[in-house]
Every structure is written in structure tokens, then in C-alpha cells.
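Quick note, the sequences are listed as chains E and Z, same order.
Under the numbering used here, think of the first position of the first sequence as 1, with each following residue one higher.
Under the numbering used here, think of the first position of the second sequence as 1001, with each following residue one higher.
Don't be surprised by glycine CBs; every beta carbon is placed ideally from N, CA and C.
A short worksheet on the structure shown next.
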Amino acid sequence: MTRIYVPRDTTALSLGADEVAAKLEQGCAERNLGVELVRNGSRGLFWLEPLLEVETDQGRIAYGPVAPEDIPALLDEGLLNGRPGHPLYRGPTEEIPYLKKQQRLTFARAGITDPVSLDDYIRHGGYVGLRKALAKIAQEIVDEVKTSGLRGRGGAAFPAGIKWQTVLDADARTPNSPYSKRKFIVCNADEGDSGTFADRLVMEADPFMLIEGMTIAGLAVGADTGFIYLRSEYPVAHQILNEAIARAEEVGYLGDNVLNSGKAFHLEVRLGAGAYICGEETSLLDSLEGKRGQVRVKPPLPALKGAFGQPTVVNNVLTLAAVPFILAEGGQAYADYGMGRSRGTLPFQLTGNIERGGVVELAFGITLRELLEDFGGGTASGRPMRAVQVGGPLGAYMPESQWDTPLDYEAFSEVGAVVGHGGIVVFDDTVDMLDQARFAMEFCAIESCGKCTPCRIGSTRGVEVIDRIRANEQRDDNLILLRDLCDTLEDGSLCAMGGMTPNPVRSALQYFPDDFYRDPTTASNTTREEA
Amino acid sequence: MHISAQDSSVGTDLPLDWIQAEVAALKVKPGPLLPILHSIRDRLGYIPEEAVPIIAEGLQITRAEVHGVISFYHDFNTAPIGRHRLQICRAEACQARGCRSLETHAKAKLGIDYHQTTADGEFTLEPVYCLGNCATGPSVRLDNDIHGRVTAKRLDALLGQAATVPLTLQPLAEEPES
Ligand SMILES: Cc1cc2nc3c(=O)[nH]c(=O)nc-3n(C[C@H](O)[C@H](O)[C@H](O)COP(=O)(O)O)c2cc1C
Ligand code: SF4
Ligand code: FES
């Protein structure tokens, strides 16, 4: 029986993977061909989705992007034997340069396995890390993570091992609390940044890796319960995570007695409710507790007083997903990748107006231009690239003069940019950077938690001021006012929502000033959203 | 999967007993309020005012607290929605692929603005800020299905397939919601 893979991640589904799978089954039935259809995760080569793979003696052969109507011809031209010839034939999957040139540690299994098959996971090296962790004492696990140099992948890049140490050492006794003596692992799966989907792909393509990473974190700090705080915009991830958790519970990888170690670890997915600010860790914790997701003043650190007032590890999906590798191969094996103080790999996400969008996992240090050109292949529209926003909606817009910056936390911060969660959004020359600055302010106004006046009110003022600049009403005065507003936001905000909204605004002003001096009677580059 | 589960429409009797049972079942969880609200939204498509006192009493918190939480989150709309919820991604990566013109098209086609429902009760239009489908935008979510590379034509086709009554090209009403 020939095995055929059709992905089931959000992007493949959004491009018709279910219809492709249905057509394939129908076509095989009509031709009396015996096939086993596996719904794998995605390889993250989204430009090729739906990417159909067939298992042959020469390994897995790829065809893509496949539309349902391609299926009859593909079957007739020898799809099941992996035969070349059809225009969608891509050769052996692993030899596709986009994939071959990557350094996949976190995404090593993505797209290869059936995401909800525990057998598949274990066959491909899964749960080695947990078994090694079970043979260690808590401090040794934390030390391994410290050795790896792993820094938080959610944006702030704080060393994971140091955070874990704080939680391990924390006193969890809280008189009068029903949660006294307990600690928690909270996975931040709010992934709100536009231009990012690496967390989603982990959860949809390799959910057991996240489950394993969280279980190891539980052992490391003495926590018996974990929560995955998942944004509600990810229905597919929600379903796959719940399926995976149920399987792990069935066979004792989760539960009261993890692999008969006598240690408990329980895991539950909690849905967010459409609030960007709930990606900020203290806001997330309030939301998890059932409150308005407002940012808390630190201290106390969540590591000491986090979920339900108890010591809590809050880590991003990618941070926790890196842990099984670190335990399985050793912290040093992970630290061997990277540059400077940015150790290991980061899955970069090529998005927006890009010919070949997808996940590109590489060691830190590659330049933005290499990613955009060698991997991305330029814009999808074929027009010149003009601006690139890295690190989400609070990240700066980078002009071409900065594209040779190596992707490294420190190198980016030197040019006033952020790597953040690794999202890279490409715009071609039709972009109107005044529109983009305006959107940054608008987004801040919509998503502010409301605690700080500059963030709540200043952002709305920012939108008005930009509209006046566009209309050429006292343009020079309003440009000064806009810069002042940015300073006020930066200085008067409790968190990065207000504090970093100036990044996209200032960079648009600084590197794309022409867009702020257009004649208001001529149309802007893009169709404008009327407020 | 093509789920359009909401069994809500104005005038239907609210399943208050069910809400009460749901509160009782979920309140054992740590931090039960969001799971309760999600459960109600999944079934009804919105959070009815009548649910607030039931939740407040069940969780031993004030109605004001429940209101405060509901109003904080974009997901918890307090008015009934149409048979289908259409969300258009407005975030940067989709902007780079033309979502601004897609949203203009959708509003004109449906004759409504964001947070409004077509007069025939078919579609409610909402903005969304990223669906994690940023390499293949512009993206929309129709109920629980996410669609990528959505052109105006493709959107029309999706709406046509989902609609229970044929869509007209004209705006369906001047003031769909007061
Ligand atoms: C406005 C704002 C939004 C954030 N959104 C996210 C997010 O979506 N996902 C995430 O992991 N971290 C996000 N963070 C960072 C978290 O506050 C926190 O640093 C992170 O969860 C810690 O995990 P890490 O150390 O593994 O990165 C956000 C921070 C801010 C200020
Ligand atoms: S900066 Fe904005 S989002 Fe952050 S705490 Fe202040 S009001 Fe809330
Ligand atoms: S920006 Fe639209 S899906 Fe991410």
C-alpha cells in the first residue's frame, strides 16, 4: 500500500488541502489503487501548499502546490510511483533547497509525522528528552537549559534557564490559598504578532514536542500542572493540541504518574478571547485567572507570583519546544548553533508580499537579505521590495540599507530594530508608509489594555495627527507633534504595547519621509481604509 | 469541516437552564470565567445579558466584574450575530497582500460595516488581527474555516456557498443595525 501525505495545518487547509485529500481518495478508489492517506503536519514550505508527498523507495517525493483538479492527471502520470514529468513534481522533499539549507532542530519532525500519532513521535526521536530528564534531579535539568544558552522566543529574549532557576528556588507556600505549595508552567501560545506562525506550526505539526517540553519544565521546577494559553484565532491548533493531549494521557505520558515516575503532570489548553495584549505575560496570567487581561506592575515577577499567585514559568511555545532537543542531545549541542549571545536556532517566518513564504529555521546570524532573496525569492507581486517589518507590529520598518544586518538580538537592537518572535513581513513599492504608521497607532488604540493614558489616549491622538499630516493641515507642526507623541508613549507606558508602538511609526518617518509629504489630492499607493 | 454552529437568532428562547448547568460544570476549574464565556459563545454566538447574573451567582462574583471581563475581550460580543461570522484579517502581512481592498469589497458586497449583521441575518462582519496564515494572505475566517489568498472573487464564492439565500450584489440595507 502506497503511503501518501496531505497536510492538515491551517495554511494547507486554507488553500484547499481537504478538497485535495477528498479528490485523491476518490481518484484512487476509481482506479482501484490502494493507498494509505496520512494527514501530516506541514513542512512549513507554505509557497508549495498543499504539498502532497508520496513515499517511495527513494524517499518521499513532493508535488505542489496541488489543486483538487490536478489530481486525476497526477494519478495518471504516475504519482504513486513518485514519477517525474508532471509540472508540479518537486523531486525528493528533503532535497528541495528551501528545506535542505535549513538547520532544523525545532522543526525537525514538522510535516514528516502525523501530528497526533504518538508512535510516529516516538519513532522520530520523541520523548528521549523526557526520559533523560526523569533520570536527573531538578537542578540538573535547569543546568542543562542554562548550558544551552536558550533565550525566550516570545520577544524579550530573557534566558530561559535563569527564569527556571528562579521558579525552582521559589517558596510556593501561600497561606490561605487553595493553590499553596503549587507551581505552574504556562505556555504562551498567544502568538499575536502579524507575520508569525511558528508557534502555530509547532502545535499543528508536532504537538507532542510542546507537551514533552512542558512536562520537562514541570519536572525542572516542581510544577504538576501546565496551561497552554492559546489564542482563539487558532481553531486548528486547538483541535490538534486537544487530540494530542488526550493520547498522551491515555498512555501515561501525562497524568498523575508520568511514565511511572511517581511525578504528576497535567496539561490543559485555555483559549484566549481575541486580545493582543494577552500575549504580554502578566496580562495573560490575569486572563487565565478569568479577569480582564490588564498588565500587572512588576515586581512581583511571575516567576515568584504568577498564575493564581503561585510561582510560574511563563514561556513561549518555541522556548518550550526547544527543550526536548536540549535534554536529548545536551545543552551544549544546542549552544553550538548561533552567534554571540544568541544561541541555537530561530524559525524565521517569511510573510506578506513574498514569493516563497514559510518557516525557515536557521542558526542566528544569517542576514535579512539572505532570507529575503535566497529563501524568499523576492516579492510575490514581482515589484521591488520597499520595506520589511521584523518582529511583529511593534517592530521597526527596515529600509533596504539595513537588510544586511545579521539576525541576532544584539545586532538588531543596534539599528533600532527587534528580532522579536522572528516574523518578517515584506512590502513592495506600492506600500504607503504613512498608512503603515497610522495602522500602528490604530492597532495600539484598539488593543491597549487601558491602564496607561499615553497608550490608551495617545494612540488615538496619533491616528488623528497622522490624518492631519496626510491632509496637509499644518503638516510641519503635526509632524513635530507626532514625534512628541512617540516620546510620550515610550516614556509613559507600563509595557511594550505603548512603549514600542513608536518603533514602526518613527522608522516610517525616518526612512520613508516622502510618504508623509504627499500631495493630499493624489491617491495614496494603496486603497485606504476609511476610518 | 464546515461548522456554523450558532443556533442563535433574535427572539429565540434562551437556554438559561443550560447556561446554569454549564456554569456549574465549569466552575470547578481554576479560573473558570473564560471557559464559561467561550462555551456560551460557541453555542449562542454571543453572550446574552441574561447570562450575566447566572454567571455572577455561580462564581460568587459581582455582575460588574462579569461585565468588565466580557467588555474587555473582542470575542465576547453581547448582541446576537448572523448565521455566519466572517472575519477579515486586517494585520500587516495581509495588508501587504491587499487586505485593505478586500475589506472595502466585503463591506460593499454585504452592505455593512464591521460589527454589523446583514439584514437577512446571514453574515456578521468582524475584523481580526492575524490568523497565523501570513505567508498566504490575504486571509479570512468564515466560522471555523480559515481561507488563504482570498481575492474579491474568491470571497464572493465563499459567501455564496455559505449563504442560505442567494446573495444580491447591492447593499442589503442602508442601516443594517441601529
Ligand atoms: C504587548 C506584548 C505582547 C506579547 N505577545 C506575546 C506573544 O504573543 N507570545 C509570546 O510568547 N510572548 C509575547 N510577549 C512576551 C511575553 O510578555 C513574555 O515575555 C514571554 O511570554 C516570556 O516567554 P519567553 O521568555 O519564553 O519568551 C508579549 C509582550 C508584550 C509586551
Ligand atoms: S502600555 Fe498600554 S497595553 Fe501596556 S500596560 Fe499600559 S495601557 Fe496597557
Ligand atoms: S497577518 Fe493576516 S493572517 Fe497573519
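> What does E:Leu288 reach in chain Z if we use C-beta pairs closer than 7 Å?
Replying inline: By Cβ distance, chain Z contributes Gly1031.
>> Which residue marks the beginning of the alpha helix (DSSP H) containing E:Ile211, and which one marks its end?
In response: In the DSSP assignment, E:Ile211 falls within the alpha helix (DSSP H) that extends over 207–221.
>> Does any residue of chain Z have a CB that is nearer than 8 Å to the CB of E:Leu350?
In response: With 8 Å as the cut-off, E:Leu350 counts as an interface residue toward chain Z.
>> Between E:His421, E:Ile277, E:Ala417, which has its C-alpha nearest E:Val359's C-alpha?
In response: Closest option to E:Val359, Cα to Cα, is E:His421.
> Should Z:Gly1098 be listed as close to ligand 3, given that the test is whether its C-beta is under 7 Å from any heavy atom?
Replying inline: Flag unset: Cβ of Z:Gly1098 not near ligand 3.
> Within 7 Å: the Cβ of E:Ser232 and any heavy atom of ligand 3?
Replying inline: No, since every heavy atom of ligand 3 falls outside the 7 Å radius drawn around the Cβ of E:Ser232.
> Looking only at DSSP bridge pairs, what is Z:Val990 linked to?
Replying inline: With chain Z represented from 1001 up to 1178, any question about residue 990 of chain Z goes unanswered, as that position is not in the structure.
> Between Z:Ala1093 and Z:Gly1137, is the Cβ-Cβ spacing less than 8 Å?
Replying inline: Cβ atoms of Z:Ala1093 and Z:Gly1137: closer than 8 Å.
> For E:Ala12, does the count of other Cβ atoms within 10 angstroms reach 16, so buried, or fall short, so exposed?
Replying inline: E:Ala12 should be labelled buried.
>> Can you look up E:Met339 in the DSSP assignment and give me helix, strand or coil?
In response: Note: E:Met339 maps to strand in three-state DSSP.
> Do you know how far the Cα of E:Tyr276 is from the Cα of Z:Gly1098?
Replying inline: Here the alpha carbon of Z:Gly1098 sits roughly 22 Å from the alpha carbon of E:Tyr276.
> First and last residue of the alpha helix (DSSP H) that includes E:His238?
Replying inline: Counting along the chain, the alpha helix (DSSP H) containing E:His238 begins and ends at 235–250.
>> So Z:Phe1123 and Z:Leu1155 are supposed to be a Cβ contact under 8 Å. How far apart are they, rounded?
In response: Not quite, the Cβ-Cβ distance comes to about 11 Å (not below 8 Å), so this is no contact.
> List, in order along the chain, the chain Z residues whose C-beta lies closer than 8 Å to that of E:Leu271?
Replying inline: The contacting residues are Leu1034, Pro1035, His1038.
> Any idea what DSSP makes of E:Tyr517, helix, strand or coil?
Replying inline: Coil at E:Tyr517, not helix or strand.
>> Does E:Met398 come out as helix, strand or coil in the three-state DSSP assignment?
In response: In this structure, E:Met398 counts as strand in the three-state DSSP scheme.
>> Classify E:Tyr517: buried if its beta carbon has 16 or more other beta carbons within 10 angstroms, exposed otherwise.
In response: Result: exposed.
> Any idea if Z:Ala1024 is buried or exposed, counting beta-carbon neighbours within 10 angstroms, 16 or more meaning buried?
Replying inline: Counting C-beta atoms within 10 angstroms of its own C-beta, Z:Ala1024 has fewer than 16 neighbours from the protein chains shown and is therefore classed as exposed.
>> If you follow the beta strand (DSSP E) that E:Val419 is in, where does it begin and where does it stop?
In response: Looking at the DSSP string, E:Val419 is not in any beta strand (DSSP E), and its letter there is neither H nor E.
>> Please identify the residue among E:Arg383, E:Glu361, E:Phe443 whose C-alpha is closest to the C-alpha of E:Gly395.
In response: Comparing Cα-Cα distances from E:Gly395 to each of E:Arg383, E:Glu361, E:Phe443, the minimum goes to E:Phe443.
>> Is E:Arg456 a contact residue of ligand 5, with contact defined as CB to any heavy atom under 7 Å?
In response: Within the structure as shown, ligand 5 is missing, the only ligands being ligand 1, ligand 2 and ligand 3.
>> When you compare the CB positions of E:Leu134 and E:Leu210, do they come within less than 8 Å of one another, or not?
In response: Result no, Cβ atoms of E:Leu134 and E:Leu210 do not sit closer than 8 Å.
> Between E:Lys534 and the rest of its own chain, which residues show a CB-CB distance below 7 Å, the 5 nearest in sequence each way excluded?
Replying inline: Because chain E here runs from 1 to 531, residue 534 of chain E falls outside it and cannot be looked at.
>> So, for E:Thr196: in the same chain, excluding its five sequence neighbours on each side, which residues have a beta-carbon less than 6 Å away from its beta-carbon?
In response: Excluding residues within five positions, the ones whose Cβ falls inside 6 Å are Gln349, His421, Gly423.
>> Against E:Pro235, what residues of chain Z qualify as contacts under a CB-to-CB distance less than 7 Å, listed in chain order?
In response: The contacting residues are Asn1144.
> Excluding five sequence neighbours on each side, which residues of the same chain lie with their C-beta closer than 6 Å to the C-beta of Z:Ser1008?
Replying inline: At Z:Ser1008, the pLDDT of 45 sits below 50, so the modelled position is not reliable; the number obtained from the coordinates is stated separately. Leu1044, Gly1045, Pro1080, listed in sequence order.
> E:His266 bridges to which residues according to DSSP?
Replying inline: DSSP lists E:Thr225 as partners of E:His266.
> In chain E, which residues lie less than 8 Å from Z:Arg1097 when you measure between Cβ atoms?
Replying inline: Correct list: Gly352, Asn353, Ala380.
> Which first and last residues belong to the alpha helix (DSSP H) in which E:Ala322 is found?
Replying inline: For E:Ala322, the enclosing alpha helix (DSSP H) covers residues 317–329.
> When the distance is taken between beta carbons, is E:Pro50 closer than 8 Å to E:Pro92?
Replying inline: Cβ atoms of E:Pro92 and E:Pro50: not closer than 8 Å.
>> Measuring CB atoms only, is the stretch 115–133 of chain E touching the stretch 234–249 of chain E, in the sense that at least three cross pairs come out at less than 8 Å?
In response: Judged by Cβ distances under 8 Å, the stretch 115–133 of chain E makes contact with the stretch 234–249 of chain E, as three or more pairs qualify.
>> Considering Cα atoms alone, identify which of E:Leu80, E:Arg109, E:Gly149, E:Val38 is closest to E:Ala335.
In response: Nearest of E:Leu80, E:Arg109, E:Gly149, E:Val38 to E:Ala335, Cα basis: E:Gly149.
> Out of E:Phe265, E:Ser413, E:Gly330, E:Tyr179, which has the shortest C-alpha to C-alpha gap to E:Thr147?
Replying inline: The shortest C-alpha separation from E:Thr147 is found at E:Gly330.
>> Tell me which residue opens and which closes the alpha helix (DSSP H) that E:Tyr98 is part of.
In response: Note, E:Tyr98: alpha helix (DSSP H), 97–100.
> Does any heavy atom of ligand 1 sit closer than 7 Å to the C-beta of E:Asp190?
Replying inline: Yes; taking the cut-off as 7 Å, the Cβ of E:Asp190 has a heavy atom of ligand 1 nearer than that.
>> Against E:Ala532, what residues of chain Z qualify as contacts under a CB-to-CB distance less than 9 Å, listed in chain order?
In response: Look at the range of chain E in this structure, 1 to 531, and you will see that residue 532 of chain E is not part of it.
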